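Engineer: I'd like to ask some things about the structure below.
Protein chains: 2
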Amino acid sequence: MKNAFYAQSGGVTAVINASACGVIETARKNSDKIGTVYAGQNGIIGALTENLIDTSKESATDVSALKHTPSGGFGSCRYKMKSLEANKAEYERLIEVFKAHDIGYFFYNGGGDSADTCLKVSQLSESMGYPIQAIHVPKTVDNDLPVTDNCPGFGSVAKYIAVSTMEASFDVASMAATSTKIFVLEVMGRHAGWIAAAGGLVDDSIPVVILFPEIDFDETKFLSKVDKNVKEFGYCTIVVSEGTKWPDGKFLAEQGTRDDFGHAQLGGAAPVVANLIKDALGYKYHWAVADYLQRSARHLASESDVEQAYALGEAAVNMALEGKNSVMPAIIRTSNNPYTWEIGSGELKDIANVEKMMPMEYISDDGFGITAACREYLQPLIEGENYPPYKNGLPDYVVMKKEMAEKKLPPFEV
Amino acid sequence: MKNAFYAQSGGVTAVINASACGVIETARKNSDKIGTVYAGQNGIIGALTENLIDTSKESATDVSALKHTPSGGFGSCRYKMKSLEANKAEYERLIEVFKAHDIGYFFYNGGGDSADTCLKVSQLSESMGYPIQAIHVPKTVDNDLPVTDNCPGFGSVAKYIAVSTMEASFDVASMAATSTKIFVLEVMGRHAGWIAAAGGLVDDSIPVVILFPEIDFDETKFLSKVDKNVKEFGYCTIVVSEGTKWPDGKFLAEQGTRDDFGHAQLGGAAPVVANLIKDALGYKYHWAVADYLQRSARHLASESDVEQAYALGEAAVNMALEGKNSVMPAIIRTSNNPYTWEIGSGELKDIANVEKMMPMEYISDDGFGITAACREYLQPLIEGENYPPYKNGLPDYVVMKKEMAEKKLPPFEV
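Just so you know, the sequences run in chain order A and B.
The first sequence runs 1 to 414 under my numbering.
The second sequence runs 1 to 414 under my numbering.
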């Protein structure tokens with residue numbers, strides 16, 4: 001009977017811990033087939049440095065509370081393993097650590113990079129004569145993994161952005177006659193407009209202009225669209241992706257602003273867009289930058305997102321027990337209305353380093369909104385509310401005890 | 001039997017419509033004593049221009065839904081009536097409009113300025129021989145009205161800021177070992193630190209540094225505190241009020257940044273603080289500006305805030321029916337633990353133009369946190385959750401039909 005290793009990778013989300021909960025609870029249910037689940041402290045770095053959290057020391061109540069706790073309960077990191085050729089020693093170290101702790105299952109919870117790491121670990125472990133079953137558990141607010149219909153973490157961000165867009169628009173609408181007419185909300189998504197697209201899920205009676213990273217920023221066309229909305233509706237809400245770029249490829253956020261000392265000022269796209277409007281059209285504005293609030297907002301998580309995140313963690317363990325390797329459980333959409341889905345799977349070789357972009361047919365012809373097809377895709381992902389329990393007015397999130405397993409190997413520098 | 005006039009004033013909140021609901025529903029329950037409730041379209045401007053919404057045309061279901069809908073359902077405005085001496089004509093016009101529509105009750109839902117207007121209308125109406133009973137219904141996210149224990153709108157913003165601070169801190173904590181160590185959240189409150197103080201409601205295990213508008217920004221002391229937190233906890237969260245100032249009185253947000261064309265760039269305090277930390281300490285940062293999201297976040301409203309907002313609207317009508325004039329219903333706290341409160345009242349002459357500042361004993365000695373007394377005061381205000389109903393993944397907020405009453409007077413320019 002082998003032990004398991006679980007690690008969280010890259011930017012955390014409102015529901016990555018729900019996947020952790022699915023992995024750990026399912027492993028516990030199969031304690032006759034699977035031993036201790038170790039978790040990497042701060043992700044894969046914890047494996048390399050042999051900092052393994054012994055999750056068997058966490059109470060069932062605490063593990064269960066992971067399902068409603070945002071962030072990475074065991075710590076995550078942005079650490080991309082180099083290619084096998086460039087740093088074989090790192091991969092070998094991983095496998096040595098796994099061997100030292102009798103680990104036969106590797107569950108890696110992340111995006112495209114971690115799918116690639118997962119695949120390589122599986123391949124190298126075989127050639128090193130200590131085979132590891134490597135299963136990737138999908139996670140990314142960017143929603144850019146192939147094979148799976150959507151990525152856990154995305155649905156909750158989308159819900160947060162859609163609700164925030166709606167609420168701020170209601171606010172502006174009620175003041176616009178004599179005050180603020182423009183509200184700009186900056187959202188995440190440096191490469192893909194999935195998150196920005198969620199701003200388009202509000203009712204059509206709310207005038208929303210979306211700036212996607214996929215579409216070069218056309219200032220004239222944009223200002224004309226905004227002006228038209230203000231004249232028709234009295235106000236306009238703009239949802240701008242942090243990745244929106246000028247035609248020359250420069251990010252809007254890198255507008256070359258300088259402070260009194262000449263230092264480059266990193267601004268954000270929202271104030272840039274707001275100032276452009278003010279200068280050209282004279283409308284009073286307000287702007288917000290949601291930043292981490294959007295991806296950590298477990299208080300407003302989408303029910304389907306939470307359920308899918310848990311189900312994928314559960315499925316990963318079941319697939320491991322079925323002897324599978326180099327695979328990723330995935331969400332397969334079986335119907336839009338009513339929304340139904342089931343768990344399928346994909347091969348890591350088809351997933352690693354493949355980015356699923358937003359289809360151009362999801363963006364409206366003028367480049368400032370979403371199409372009916374996009375709405376049909378996104379709508380089910382924000383459905384349902386899944387509230388955390390509260391204590392003293394605040395969510396009752398759990399903090400893991402993080403008892404460390406004893407080290408068995410010499411130190412290793414990362 | 002006289003009709004009533006209700007208007008929303010100044011910046012809207014997550015619960016000002018709950019007060020509107022309290023006013024309208026209570027008036028409807030007393031339809032033998034009070035006639036039609038007219039609402040000002042876009043606040044007091046609607047009265048001056050005789051744009052009166054006939055709320056009797058709104059269905060009971062829609063009026064009831066105001067209780068869970070943020071923003072100003074009838075429109076609000078930032079329009080401060082000048083002094084009686086400077087613009088007596090405006091006050092006289094108000095009273096003419098009230099007279100033309102047989103309005104005997106004036107319910108004005110706002111902050112200190114509107115309490116002042118309310119008082120003047122009552123005084124002038126008496127001297128003009130058409131007495132109006134003027135009742136002020138308190139509302140302001142700034143929490144700066146005297147007499148009342150707290151102001152409807154504030155509790156929900158405080159809950160939003162406390163929850164957001166907690167969630168973003170969980171996020172940063174789980175990435176800090178190898179990535180972002182600093183998170184800066186900018187919050188509202190140009191003159192008073194009440195909203196910023198709410199960031200201090202998170203558990204003591206989360207290192208939060210608060211920058212209050214009441215305390216001159218001491219860069220050296222601040223950087224040292226942040227560095228200490230990062231060294232002890234691995235990360236630091238900063239909640240900065242938009243009103244935080246340098247010792248010379250300049251807002252942090254007005255750091256004199258210029259774009260490529262030399263235009264002044266209105267930045268926000270958060271990026272300024274984040275850049276100061278980066279320059280001095282080298283820590284990677286993220287920042288967010290909550291702006292309107294915080295005051296429109298009905299999805300995360302505080303239960304006590306919603307109940308109090310409604311109760312004050314209800315009390316205003318009951319006070320009018322009891323023949324009272326130039327008064328404001330107020331929240332009287334009767335116990336902290338368990339939290340209990342009742343409705344009291346104050347005279348408008350004691351409320352108009354009086355600002356209740358945050359007591360200095362609520363700010364910790366180092367100027368970067370809240371005291372136990374402050375926590376005791378704030379804690380009950382964020383207690384309880386009051387979720388709106390949802391439809392298709394989004395809150396089911398109501399939009400009023402806004403049928404206008406027929407005009408009876410010649411036009412009036414504002």
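C-beta: ideal position from N, C-alpha, C; glycine also.
As the structure is a prediction and not an experimental result, all values here were calculated from the model.
Within 10 angstroms of its Cβ, does B:N325 collect 16 or more other Cβ (buried), or is it exposed?
Structural biologist: buried
Engineer: Can you list, in chain order, the residues of its chain whose CB lies under 6 angstroms from that of B:T148, leaving out five sequence neighbours each side?
Structural biologist: P138, A330 and I331
Engineer: Identify the contact partners of B:G129 in chain A, using a Cβ-Cβ distance below 8 angstroms as the criterion.
Structural biologist: Simply none; closest approach about 31 angstroms.
Engineer: Residues of chain A with a CB under 8 angstroms from the CB of B:R78: which are they?
Structural biologist: M175, T178 and S179
Engineer: Assign B:T61 to one of two classes, buried (16 or more other C-beta atoms within 10 Å of its C-beta) or exposed (fewer than that).
Structural biologist: Exposed, because fewer than 16 other Cβ atoms sit within 10 Å of the Cβ of B:T61.
Engineer: Please report the distance separating the alpha-carbon of B:M415 from that of B:H191.
Structural biologist: Here chain B comprises residues numbered 1 to 414, so residue 415 of chain B is not present and cannot be evaluated.
Engineer: Return the chain-ordered list of same chain residues with a C-beta closer than 6 angstroms to the C-beta of B:K407, the five sequence neighbours on each side being excluded.
Structural biologist: E50
Engineer: Please report how far the alpha carbon of B:A253 lies from the alpha carbon of A:L293, in whole angstroms.
Structural biologist: Cα to Cα, B:A253 sits roughly 21 angstroms from A:L293.
Engineer: Select from the segment 283-300 of chain B all residues with a C-beta closer than 8 angstroms to any C-beta belonging to chain A, and list them in chain order.
Structural biologist: H286, W287, A288, V289, A290, D291, Y292, L293, R295, S296, A297, R298, H299 and L300
Engineer: Which residues mark the beginning and the end of the alpha helix (DSSP H) in which A:E219 is found?
Structural biologist: E219 to F233
Engineer: Let me know the alpha helix (DSSP H) ranges lying completely inside the segment 332-414 of chain A, each 4 residues or longer, listed in chain order.
Structural biologist: 372-378
Engineer: By the three-class DSSP mapping on this structure, what secondary structure does A:A177 have?
Structural biologist: coil
Engineer: Is B:K139 helix, strand or coil by DSSP?
Structural biologist: In the three-state reduction of the DSSP assignment, B:K139 falls in the coil class, being assigned neither a helical nor a strand state.
Engineer: Less than 8 angstroms between the C-beta atoms of A:I382 and B:G393, yes or no?
Structural biologist: yes
Engineer: Jot down the residue ranges of each uninterrupted alpha helix (DSSP H) in the segment 32-64 of chain B, minimum 4 residues, whole runs only, in chain order.
Structural biologist: 44-48
Engineer: Just checking my contact of A:C77 with B:S179 at CB under 8 angstroms: how many whole Å lie between their CB atoms?
Structural biologist: 7 angstroms
Engineer: Could you check the C-alpha separation between B:A405 and A:I195 for me, to the nearest Å?
Structural biologist: 43 angstroms
Engineer: Hey, would you say A:Y160 sits closer than 8 angstroms to A:A297, going by beta carbons?
Structural biologist: Against a cut-off of 8 angstroms, the Cβ pair of A:A297 and A:Y160 comes out as a contact.
Engineer: Taking 8 angstroms as the cut-off, decide whether the C-beta atoms of B:R295 and B:V157 are in contact.
Structural biologist: yes
Engineer: Over what stretch of residues does the alpha helix (DSSP H) that includes A:T237 continue unbroken?
Structural biologist: Premise fails: A:T237 lies in the beta strand (DSSP E), C236 to S241, not in any alpha helix (DSSP H).
Engineer: Measure the C-alpha to C-alpha separation of A:A177 and B:S125 and round it to an integer number of angstroms.
Structural biologist: 28 angstroms
Engineer: Interface residues of chain B around A:N42 at Cβ under 7 angstroms?
Structural biologist: Correct list: A177 and T178.
Engineer: Using the Cα positions of A:V187 and A:T165, report the straight-line distance between them to the nearest angstrom.
Structural biologist: 11 angstroms
Engineer: Going residue by residue through the segment 69-100 of chain B, where are the continuous beta strand (DSSP E) segments of at least 3 residues, counting only ones entirely within it?
Structural biologist: none
Engineer: Is the Cβ of A:G392 closer than 8 angstroms to any Cβ of chain B?
Structural biologist: According to the sequence shown, residue 392 of chain A is Asn rather than Gly. A:N392 counts as touching chain B.
Engineer: Checking the sheet assignment: what are the DSSP bridge partners for B:A330?
Structural biologist: B:G344
Engineer: Using 8 angstroms as the threshold, is the C-beta distance between B:T55 and B:N17 below it?
Structural biologist: no
Engineer: What's the call for B:A264, buried or exposed, on a 16-neighbour Cβ count within 10 Å?
Structural biologist: In this prediction, B:A264 scores a pLDDT of 49, lower than 50, which makes its location untrustworthy; the coordinate-derived value is nonetheless stated afterwards. With fewer than 16 Cβ atoms within 10 Å of its Cβ, B:A264 is classed as exposed.
Engineer: Counting only the same chain and skipping the five closest in sequence on each side, list residues whose C-beta sits under 7 angstroms from that of B:L94.
Structural biologist: A47, L48 and V121
Engineer: Identify whether A:G22 lies in helix, strand or coil by the three-state DSSP scheme.
Structural biologist: helix
Engineer: What do you reckon, is the C-beta of A:T26 under 7 angstroms from a heavy atom of the ligand COA?
Structural biologist: Ligands are entirely absent from the displayed structure, and the ligand COA is therefore not among its contents.
Engineer: How is B:A280 classed by DSSP in three states: helix, strand or coil?
Structural biologist: helix
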